[in-house]
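Q:
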Amino acid sequence: MKKIKKYTILAVDDAKDSLLLLEHDLLEAGYQVITCESGDEALSILQENHVSLVLLDLHMPGISGLVTLQAMKAQLDLARIPVIMLSASGDEEQIVASLEFGADDYVTKPYIPNVLLARIRNSLRLMEKTRQLESLALTDFLTKVNNRGSFQTLVKKVISQAKRDKYIVSIAMFDLDYFKQVNDNYGHEIGDKALISFAQILKDTFRDYDIIGRIGGEEFAVCLPNTHIEEVYNACERCRTSLEAHVLYFDYEGKKRELSLTVSVGVTSAEGHLIDFEELMRLADHGLYKAKKNGRNQTVI
Ligand code: GH3
Ligand code: MG
Ligand code: MG
Ligand code: MG
Numbered sequence: 007m008k009k010i011k012k013y014t015i016l017a018v019d020d021a022k023d024s025l026l027l028l029e030h031d032l033l034e035a036g037y038q039v040i041t042c043e044s045g046d047e048a049l050s051i052l053q054e055n056h057v058s059l060v061l062l063d064l065h066m067p068g069i070s071g072l073v074t075l076q077a078m079k080a081q082l083d084l085a086r087i088p089v090i091m092l093s094a095s096g097d098e099e100q101i102v103a104s105l106e107f108g109a110d111d112y113v114t115k116p117y118i119p120n121v122l123l124a125r126i127r128n129s130l131r132l133m134e135k136t137r138q139l140e141s142l143a144l145t146d147f148l149t150k151v152n153n154r155g156s157f158q159t160l161v162k163k164v165i166s167q168a169k170r171d172k173y174i175v176s177i178a179m180f181d182l183d184y185f186k187q188v189n190d191n192y193g194h195e196i197g198d199k200a201l202i203s204f205a206q207i208l209k210d211t212f213r214d215y216d217i218i219g220r221i222g223g224e225e226f227a228v229c230l231p232n233t234h235i236e237e238v239y240n241a242c243e244r245c246r247t248s249l250e251a252h253v254l255y256f257d258y259e260g261k262k263r264e265l266s267l268t269v270s271v272g273v274t275s276a277e278g279h280l281i282d283f284e285e286l287m288r289l290a291d292h293g294l295y296k297a298k299k300n301g302r303n304q305t306v307i
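Numbering-wise, the sequence shown is residues 7 to 307 according to our numbering.
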């Protein structure tokens with residue numbers, strides 16, 4: 007019973023009696039419940055609350071359930087919330103239209119409580135599975151930072167925001183030094199551990215709204231929205247010196263070993279109309295190239 011408390015269900019129905027009954031059944035089943043009597047109210051509640059699933063009456067004065075459903079599906083952040091339509095009518099056309107507009111399910115009233123609850127559990131389960139798969143598709147399996155694809159998507163979003171709101175965007179690119187030797191000397195497993203601990207240093211150094219990505223084998227990039235290059239440089243230097251000071255302890259061929267790594271970093275930033283993803287990455291990479299050429303273990307702007 008306690009476990010499903012984490013789910014909040016928004017129940018929308020213009021018929022007060024139906025709504026009260028619905029609220030009662032959902033509360034009894036252990037859900038958190040928000041109720042309202044119109045599509046307009048539902049849409050504004052959805053803007054301000056974290057809702058896990060919507061039970062939506064089809065026939066309502068004002069905007070109908072179908073129009074409310076369409077409005078939800080047209081908004082990126084609401085489109086993913088599962089919707090179960092509720093209606094006294096079992097009309098074929100309405101059922102087909104609801105499902106085609108993206109409703110997950112359609113239940114006729116009066117509903118059988120246990121059947122409705124089972125359908126709700128089904129929709130929630132499907133939503134969780136979809137989220138898990140999405141997260142797997144966007145996350146680097148080894149280090150749990152964004153993979154190359156999702157890094158690019160997120161940074162491009164930041165860039166279009168930065169162009170609109172006229173702020174600066176910085177990119178730092180990291181490449182571990184002589185990393186091939188780690189694998190050659192101690193095997194891939196230790197190499198992997200080193201990658202995980204470097205990713206942790208990145209997570210500890212940068213802020214929640216900075217975007218960290220693994221863009222290649224031992225290459226990482228961080229995008230810092232609205233941050234000046236000096237500040238980025240300082241953060242990268244903190245990262246670089248943390249890694250330099252970090253010691254990885256492990257057993258190899260029956261002996262206790264210690265390993266320290268270093269990293270080279272290239273940093274760049276741009277503002278306004280000059281910001282372009284490919285160009286930023288190219289400039290950061292150029293800094294990185296110089297850092298390698300100058301002897302590694304350094305940050306170059
Ligand atoms: P440099 O200082 O010039 O960057 O030298 P480097 O040895 O780091 O450069 P290079 O690009 O030649 O080698 C990168 C190595 O990273 C090669 C590859 O074995 C290793 N690598 C890439 N991805 C992984 C991974 O997922 N796990 C492990 N263990 N190693 C990886
Ligand atoms: Mg109604
Ligand atoms: Mg490399
Ligand atoms: Mg390298």
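Glycine is no exception: its CB is placed at the ideal position from the N, C-alpha and C atoms. The model shown is predicted, which means the values in this text are computed figures rather than measured ones.
Note down, in chain order, each residue of its chain lying with its Cβ closer than 8 Å to the Cβ of asparagine 300, except the 5 sequence neighbours on either side.
A: Only Val306 meet the Cβ criterion.
Q: Whose C-alpha, out of Asp291, Leu27, Ile217, is nearest the C-alpha of lysine 115?
A: Comparing Cα-Cα distances from lysine 115 to each of Asp291, Leu27, Ile217, the minimum goes to Leu27.
Q: At which residues does the alpha helix (DSSP H) containing leucine 33 begin and terminate?
A: 22-34 is the span of the alpha helix (DSSP H), which, as asked, contains leucine 33.
Q: Does DSSP put arginine 263 in a helix, in a strand, or in coil?
A: Three-state result, arginine 263: strand.
Q: Taking the Cβ atom as the reference point for each residue, do isoleucine 202 and valine 151 lie within a distance shorter than 8 Å?
A: Their beta carbons are not under 8 Å apart, which means isoleucine 202 does not touch valine 151 by this criterion.
Q: Can you give me the start and stop residues for the alpha helix (DSSP H) that serine 50 sits inside?
A: Where serine 50 is concerned, the enclosing alpha helix (DSSP H) stretches over 45-54.
Q: Between His279, Asp214, Asp210, which lies nearest to leucine 249 when the distance is taken from Cα to Cα?
A: Per the Cα distances, Asp210.
Q: Touching or not, the region 230-247 and the region 270-281, by the rule of three or more beta carbon pairs under 8 Å?
A: Output reads yes: the region 270-281 touches the region 230-247.
Q: Can you list, in chain order, the residues of its chain with a C-beta nearer than 6 Å to that of leucine 122? Leave out the 5 residues immediately preceding and following it.
A: Once the five neighbours on either side are set aside, the close Cβ partners of leucine 122 are Val113.
Q: Can you confirm whether the region 218-233 touches the region 172-181 when touching is taken to mean that 3 or more C-beta pairs between the two stretches lie within less than 8 Å?
A: Output reads yes: the region 218-233 touches the region 172-181.
Q: So what does phenylalanine 256 bridge to, in DSSP terms?
A: Arg263.
Q: Less than 7 Å between the CB of glutamate 224 and some heavy atom of ligand 4, yes or no?
A: Yes, the beta carbon of glutamate 224 sits closer than 7 Å to at least one heavy atom of ligand 4.
Q: Could I get the ranges of all uninterrupted beta strand (DSSP E) runs contained in the region 130-165, with 3 residues as the minimum, in chain order?
A: DSSP runs (the beta strand (DSSP E)) wholly in the region 130-165: none.
Q: Between leucine 62 and glutamine 138, what straight-line distance do the alpha-carbon atoms span, to the nearest angstrom?
A: Those two C-alpha atoms are separated by around 25 Å.
Q: Taking only heavy atoms of ligand 4 into account, decide whether any of them is closer than 7 Å to the Cβ of phenylalanine 185.
A: Phenylalanine 185: yes, Cβ under 7 Å from ligand 4.
Q: Write down the C-beta distance between leucine 52 and leucine 16 rounded to the nearest angstrom, noting that I regard them as a contact closer than 8 Å.
A: With a Cβ gap of about 7 Å, leucine 52 and leucine 16 count as contacting.
Q: I want to check one thing, is the minimum distance from the CB of leucine 182 to the heavy atoms of ligand 4 below 7 Å?
A: Yes, Cβ of leucine 182 sits closer than 7 Å to a heavy atom of ligand 4.
Q: Return the Cβ separation of serine 44 and aspartate 20 in integer angstroms, given the expectation that the two are a contact with Cβ distance under 8 Å.
A: 6 Å between Cβ atoms; contact.
Q: Please classify valine 188 as buried or exposed, where buried requires at least 16 neighbouring CB atoms within 10 angstroms.
A: Counting Cβ neighbours within 10 Å, valine 188 comes out buried, since at least 16 surround it.
Q: Mind checking who glycine 272 pairs with in its DSSP beta bridge?
A: Looking at the DSSP assignment, glycine 272 forms a beta bridge with Met179, Val306.
Q: Inspect the beta-carbon positions of aspartate 183 and leucine 294 and report whether they are closer than 8 Å.
A: The answer is no: Cβ separation not under 8 Å.
Q: Would DSSP call tyrosine 112 helix, strand or coil?
A: In this structure, tyrosine 112 counts as strand in the three-state DSSP scheme.
Q: Give every residue of the same chain whose Cβ lies closer than 7 Å to the Cβ of glycine 193, excluding the five residues on either side of it in the sequence, and list them in chain order.
A: Closer than 7 Å at Cβ, skipping near neighbours: no residue.
Q: Return yes when at least one heavy atom of ligand 2 lies under 7 Å from the C-beta of aspartate 46, else no.
A: No, ligand 2 has no heavy atom inside 7 Å of this Cβ.
Q: When the Cα atoms are used, what is the spatial distance from threonine 149 to serine 156?
A: Taking the straight line joining both Cα atoms gives about 14 Å.
Q: So, is valine 102 buried or exposed, given that buried needs 16 or more other C-beta atoms within 10 angstroms?
A: Per the 10 Å Cβ criterion, exposed.
Q: In whole angstroms, what is the alpha-carbon distance linking arginine 170 and lysine 79?
A: C-alpha separation (whole angstroms): 25 Å.
Q: Of all the CB atoms in chain C, is at least one closer than 8 Å to the CB of glycine 222?
A: Going by chain labels, chain C is absent from the structure shown, which holds only one protein chain.
Q: Identify whether serine 70 lies in helix, strand or coil by the three-state DSSP scheme.
A: Serine 70: coil per DSSP, three-state reduction.
Q: For alanine 124 and tyrosine 37, what's the separation of their Cα atoms in angstroms?
A: Distance between the alpha carbons of alanine 124 and tyrosine 37 is about 13 Å.
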